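Numbering (the UniProt record's numbering), first residue to last: 1 to 119. Take a look at the structure set out below.
Given below as structure tokens:
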């Protein structure tokens with residue numbers, strides 16, 4: 001009977017372990033490429049969100065700034081302010097996630113490099 005969490009068996013032919021200590025799995029360059037591509041896509045959506053926030057903020061401030069506009073009414077003004085706060089929180093959260101992801105990418109790149117030199 002084999003257990004799911006049993007340690008990996010060593011082949012007598014393969015005396016060297018191909019595991020990377022930190023992750024416990026081996027990464028090939030294809031996976032590294034996929035991770036890099038994922039990071040690029042996340043960076044793009046992050047930029048899109050920042051642009052959306054910037055245009056939303058300028059549109060809202062243009063509308064709020066005109067007393068003749070019905071949006072100038074206080075209830076709607078408060079609602080717009082809460083939307084602005086929400087967008088700002090989202091961007092802040094995305095910036096934190098981006099930093100974490102960049103660190104993860106750096107770690108993985110270091111591990112890939114170490115795996116290459118260990119071969």
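Ideal placement from N, C-alpha and C gives every residue a C-beta, glycine not left out. Just so you know, these numbers come straight off a predicted model, no measurement behind them.
**Request:** For the stretch 44-51 and the stretch 88-104, state whether three or more C-beta atom pairs, one from each stretch, are separated by less than 8 Å.
**Result:** With the cut-off at 8 Å, the stretch 44-51 and the stretch 88-104 touch.
**Request:** With DSSP as the reference, label residue 119 as helix, strand or coil.
**Result:** The count along the chain shown starts at 1 and reaches residue 119 at position 119. Correct three-state label for residue 119: coil.
**Prompt:** From residue 82 to residue 113, what distance separates their C-alpha atoms?
**Reply:** Numbered from its first residue, the chain shown carries residue 82 at position 82. Numbered from its first residue, the chain shown carries residue 113 at position 113. As the crow flies, the alpha-carbon of residue 82 is around 46 Å from that of residue 113.
**Item:** Contact check, residue 84 vs residue 39, beta carbons under 8 Å
**Value:** Taking the chain shown and counting its residues from 1, one reaches residue 84 at position 84. Taking the chain shown and counting its residues from 1, one reaches residue 39 at position 39. Cβ atoms of residue 84 and residue 39: not closer than 8 Å.
**Asked** Closest to residue 77 by CA distance: which of 42, 53, 56, 60 is it?
**Response** On the chain shown, residue 77 is found 77 positions in, with the first residue counted as 1. Closest option to residue 77, Cα to Cα, is 60.
**Prompt:** When the Cα atoms are used, what is the spatial distance from residue 53 to residue 45?
**Reply:** Working through the chain shown from its first residue, we reach residue 53 at position 53. Working through the chain shown from its first residue, we reach residue 45 at position 45. Rounded to whole angstroms, the gap between the alpha carbons of residue 53 and residue 45 is 12 Å.
**Request:** Could you tell me which of 102, 110, 115 sits nearest to residue 42, measuring between CA atoms?
**Result:** By one-based count along the chain shown, residue 42 stands at place 42. Closest option to residue 42, Cα to Cα, is 102.
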